[in-house]
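Reviewing the structure listed below.
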Amino acid sequence: QHTERLIGEVAMQCGFEDSNYFSVVFNREIGMTPGQWRQRSRTAA
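Using the numbering used here, the first residue of the sequence shown is number 211, and each one after it goes up by one.
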């Protein structure tokens, strides 16, 4: 929703202390990195 936030900020808001680990979990669950998801959601909007 707020794509201007840094990935690290999003990770912290989701309860992750390590943004790299957040990216790993996000990729495993969603099938793409947070950056890929962000790019995709920007082009779909």
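No residue lacks a Cβ here, since even glycine has one placed at the ideal position from N, Cα and C. Since the structure is predicted, the reported quantities are computational estimates derived from the model, not experimental observations.
Could you tell me the distance, in whole angstroms, from the CA atom of residue i to the CA atom of residue j?
i	j	result
Asp228	Arg250	23 Å
Met242	Met222	19 Å
Ser233	Pro244	6 Å
Arg248	Asn237	12 Å
Ile240	Gln246	10 Å
Phe226	Leu216	13 Å
Thr253	Glu214	14 Å
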